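Chemist:
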Amino acid sequence: MTEHDFTLAYRRQRLGPVAEGFTRHEDRETRTTTVTGRCPRCQGPTTTEYPWGAPGTGTKSLFFRKKQEEPPDLLYSEPLFCECGYAHDGMPADAVLRGCGAEWRVERPEGDS
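Numbering (full-length UniProt numbering), first residue to last: 1 to 113.
In structure tokens form, the structure reads like this:
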């Protein structure tokens, strides 16, 4: 396994599709989906948690949240951002996420629908 590159400077960068290395876990009790893996840029462990019914995850608006019985397929539908938790050198003070600045999507494997 590649180690987290703490020397990598912060840079907002879209990496494109990543083929593997990410998993999702749905928690029906808390109604959240958690996506985990390693950032493809800095190799830091990253975790993103999405509440079901959040804007951008298939609901109509912020004020109308339909009750979702099944979790949305967020592993392949939402962009992921580095959330390794390390303030890489040059990270802006007002950055929302603590990480290297990378963004990517997980590519759906062929034959997976």
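Quick reminder that beta carbons are idealized off the backbone N, C-alpha and C, glycines included.
None of the values given here were measured: they were computed from a predicted structure.
By alpha-carbon positions, which one of T32, F22, E20 and G85 ends up nearest to D5?
Modeler: Answer by Cα proximity: G85.
Chemist: Identify the continuous beta strand (DSSP E) that holds A102 and give its terminal residues.
Modeler: Counting along the chain, the beta strand (DSSP E) containing A102 begins and ends at A102 to V106.
Chemist: Would you list the one or two residues that DSSP bridges to E49?
Modeler: Note: E49 sits in a beta bridge opposite T34.
Chemist: With a threshold of 7 Å, establish whether the CB of T33 neighbours any heavy atom of the ligand PLP.
Modeler: You won't find the ligand PLP in this model; it holds no ligand whatsoever.
Chemist: Where W104 and H88 are concerned, what is the direct C-alpha to C-alpha distance, given to the nearest angstrom?
Modeler: Each residue's alpha carbon lies about 18 Å from the other.
Chemist: What three-state label does DSSP hand D5 in the structure shown?
Modeler: Correct three-state label for D5: coil.
Chemist: According to DSSP, is L80 part of a helix, a strand, or is it coil?
Modeler: Reduced to three states, the DSSP call for L80 is strand.
Chemist: Please name the residue, chosen from L15, V96 and T36, that lies closest to R24 on a Cα-to-Cα basis.
Modeler: That would be T36, whose Cα lies nearest to the Cα of R24.
Chemist: Buried or exposed, going by whether 16 or more other CB atoms sit within 10 Å of the CB of P40?
Modeler: That one is buried.
Chemist: Take V18 and list the residues in its own chain whose beta-carbon comes closer than 6 Å to its own, dropping the five residues that flank it on each side.
Modeler: For V18, where only same-chain residues beyond five positions count, the Cβ hits under 6 Å are P40, W104 and V106.
Chemist: DSSP state of L75, grouped into three classes?
Modeler: L75 falls in the helix class under three-state DSSP.
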